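Engineer: Sequential numbering from 22 applies to the sequence shown in this note's numbering. Ideal placement from N, C-alpha and C gives every residue a C-beta, glycine not left out. Predicted model, so just to flag it, every value in this text is computed and none were measured.
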Amino acid sequence: MRCYFHSGSDGRCAGAIVWRTVAKGAGCEMIEVDYKDEIDIEKIKVGEKIVIVDFSFKPETMEKVLLLTKNIVWIDHHKTAFEYKYSVELKGLRDNAYSGCELTWRYFHGEKVMPRAVELIGDRDKWAWKFGEHTANFNTGLLLYDHQPEDIIWDTLLNVDSRIPFTHLQKHIREIKGEGKICLKFRDQFCNDYAKGYGFETVFEGYSCFALGLYMFGSEAF
22 MRCYFHSGSD GRCAGAIVWR TVAKGAGCEM IEVDYKDEID IEKIKVGEKI
72 VIVDFSFKPE TMEKVLLLTK NIVWIDHHKT AFEYKYSVEL KGLRDNAYSG
122 CELTWRYFHG EKVMPRAVEL IGDRDKWAWK FGEHTANFNT GLLLYDHQPE
172 DIIWDTLLNV DSRIPFTHLQ KHIREIKGEG KICLKFRDQF CNDYAKGYGF
222 ETVFEGYSCF ALGLYMFGSE AF
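(1) Note down, one range per segment and in chain order, each beta strand (DSSP E) of at least 3 residues found wholly within the stretch 114 to 166.
(2) So which of Val139, Ala149, Phe231 has the shortest CA-CA distance to Leu163?
(3) Which residue comes first and which comes last in the alpha helix (DSSP H) that contains Glu50?
(4) Mapping DSSP to helix, strand and coil, what is Phe211?
(5) If we count the other Cβ atoms within 10 Å of its Cβ and call it buried at 16 or more, is Cys14 buried or exposed?
(6) Where does Asp31 fall in DSSP's three states?
(7) When you compare each of Ala37, Gly199, Glu69 to Asp176 by their alpha carbons, which one comes out closest?
(8) Is it buried or exposed, Lys64, if we count other Cβ atoms within 10 angstroms and call 16 or more buried?
(9) For His193, which residues of its own chain have a beta-carbon under 8 Å away from its beta-carbon, when the five flanking residues on both sides are left out?
(10) Determine the DSSP secondary structure at Thr177, reduced to helix, strand or coil.
(11) If you draw a straight line from the alpha carbon of Thr156 to that of Cys212, how long is it in whole angstroms?
(12) Distance cutoff 8 Å, beta carbons only. Does Gly131 sit that close to anything in chain D?
(13) Kindly confirm or deny that the stretch 66 to 84 and the stretch 121 to 134 touch, where touching means at least three C-beta pairs closer than 8 Å.
(14) Going by alpha carbons, who is nearest to Arg115 out of Ala102, Glu226, Cys24?
(15) Just to confirm before moving on: does the CB-CB distance between Asn158 and Lys100 stay below 8 Å?
(16) Taking only three categories from DSSP, how would you classify Ile197?
(17) So what does DSSP say about Ser240, is it helix, strand or coil?
(18) Please tell me whether Val67 and Ser28 are closer than 8 Å, where the distance is taken between their beta carbons.
(19) Pull up the distance between the alpha-carbon of Thr42 and that of Lys217, whole angstroms please.
(20) Suppose the cutoff is 8 Å on Cβ atoms and the five residues either side in sequence are ignored; what does the same chain contact list for Val86 look like?
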């Protein structure tokens, strides 16, 4: 069994759900991918089960995979999921109203209550911001921890072990949000100082704008 998941917190959370639901005891190989990456088709075995979450294979890649196996579950919410056309209708969920991890939870757990961590990650990934600063703080704080699908943090955040008290889960989420809040305070001050020192007003394509070369924070630098 192989699970391909998109890089970033949404994809990693989706992968963590797969790992704890169907993959952990199946000798599954977890593979993080981005759209710039080549898919390792030569490693896929005939008839092997493939789970793809928060990601879509390019049509020419998927057709090669389908020659080896049709035992595929495909879950995605990105624009490409609706643009790509494959010769076989695949199992899974495709819906841009949800994030990748939310869709993955719904596919494998149905109407079971969605963990708070999944809601907060999904809220940011689909840019809904329903939970405001809770979303911002949690997603930033999560980056301080190892959070690949197999990492232990997900055991608590996904509440997969019924022996873990719910109060412990709540405490852990509060701690992550608290750490994230501090990180965001640093980010905002750093970006403010950087903008004052290195940003500049200019005209681009006829529009007056403020330019700032700070890739690591993207639009959040403003």
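Structural biologist: In short:
(1) none
(2) Val139
(3) Looking at the DSSP string, Glu50 is not in any alpha helix (DSSP H); the run it does join, the beta strand (DSSP E), is 50 to 54.
(4) helix
(5) Since the displayed the chain opens at 22 and closes at 243, residue 14 lies outside it and no answer follows.
(6) helix
(7) Ala37
(8) exposed
(9) Thr177, Leu178
(10) helix
(11) 20 Å
(12) No chain D appears in this structure, which consists of one protein chain only.
(13) yes
(14) Ala102
(15) no
(16) helix
(17) helix
(18) no
(19) 49 Å
(20) Ile60, Ile62, Ile65, Ile71, Phe78, Ile93
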